[in-house]
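Student: Sharing a structure below in structure tokens format, with a few things to ask.
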Amino acid sequence: MDWWLFFIDLFTKVCFAFLPFVFEKSTVDYLVQFNLVRYFTIGLQQHNANRPAIKAALAVLSELFKLDERCVMRFLCSRSNDGTLLDSMEILNKIFDRFKNYVDIARGILTLLKSMSSYDDAIDEMISTKIDESLLYEIKRFHSENDDVTQTCEHIMTRIRQRKSNS
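Counting from 1 along the sequence shown, just add 21 to a position and that's the residue number in our numbering.
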């Protein structure tokens, strides 16, 4: 087996292995304490051409974001191994660009963004990156025949509009 494929497979399995445990407060605290969200974010960036790896990372991150705002902030402020700040929103854009024909990837991205949308700091990041005008618009346009996708896009866009009007 090629080493790169081995690492992608390992990353995917690690993501899915964490899923049953992310509902426990002690696990979330551990993930925050040791900044393991960073590694899920780096994996999402490095394996952005592998659909199963993307789905796994989006699933675990979405669940973590629902439970703890610190995980969202770690995602938004993650750094690569060389210390460079990762542009988390750009990573999501690149993933959608590559897999725009796959509604499961669009749903995964939307689930992640929706789980972030209850936190004002995350909404502020979405506003600053104009994600409503770019990624959300593209997902909604590209998957307009899927009611759940368009409704989730609208939900997030409404949250962004509300935050803009309150600022």
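By construction, the Cβ of each residue, glycine as well, lies at the ideal position given by its N, Cα and C atoms.
Nearest chain C C-beta to Ser109 closer than 8 Å, yes or no?
Tutor: No chain C appears in the structure shown, which is made up of a single protein chain.
Student: In the DSSP assignment, what are the bridge partners of Leu65?
Tutor: Within the sequence shown, residue 65 is the residue found at index 44, counting from 1. Bridge partners of Leu65: none, in fact.
Student: What does a CB cutoff of less than 7 Å around Lys135 pick up in its chain, not counting 5 residues either side in sequence?
Tutor: To locate residue 135, count along the sequence shown from 1; it is residue 114. Around Lys135: Thr173, His176 and Ile177.
Student: If contacts are defined as beta-carbon pairs under 8 Å, then Val93 and Cys36 qualify, I think. What distance do you get, rounded to the angstrom?
Tutor: The count along the sequence shown starts at 1 and reaches residue 93 at position 72. The count along the sequence shown starts at 1 and reaches residue 36 at position 15. That belief does not hold up - the Cβ atoms of Val93 and Cys36 are roughly 17 Å apart, past 8 Å.
Student: From the DSSP output, in three-state form, read off Leu106 for me.
Tutor: Position 85 of the sequence shown, counted from the start, is the residue given in the question as residue 106. Strand, per DSSP.
Student: What does the Cβ neighbour count give for Lys76, buried or exposed, with the cut at 16 atoms within 10 Å?
Tutor: Here residue 76 corresponds to residue number 55 of the sequence shown, with the count starting at 1. Lys76 comes out buried.
Student: Closer than 8 Å is the cut-off here; do at least three beta carbon pairs connect the region 58 to 75 with the region 29 to 48?
Tutor: Touching, yes, given that three or more Cβ pairs across the two stretches are closer than 8 Å.
Student: Tell me whether the beta-carbon of Arg100 lies closer than 8 Å to the beta-carbon of Val53.
Tutor: Within the sequence shown, the letter at position 79 stands for residue 100. Within the sequence shown, the letter at position 32 stands for residue 53. Not closer than 8 Å, so no.
Student: Taking the alpha helix (DSSP H) that Thr179 falls in, what are its first and last residues?
Tutor: Residue numbering aside, residue 179 sits at position 158 when the sequence shown is read from its first letter. First-last of the alpha helix (DSSP H) with Thr179: Asp168 to Asn187.
Student: For Asn114 and Leu156, I'd like the C-alpha separation in whole angstroms.
Tutor: One-based indexing of the sequence shown puts residue 114 at position 93. One-based indexing of the sequence shown puts residue 156 at position 135. Going by the C-alpha atoms only, they are around 6 Å apart.
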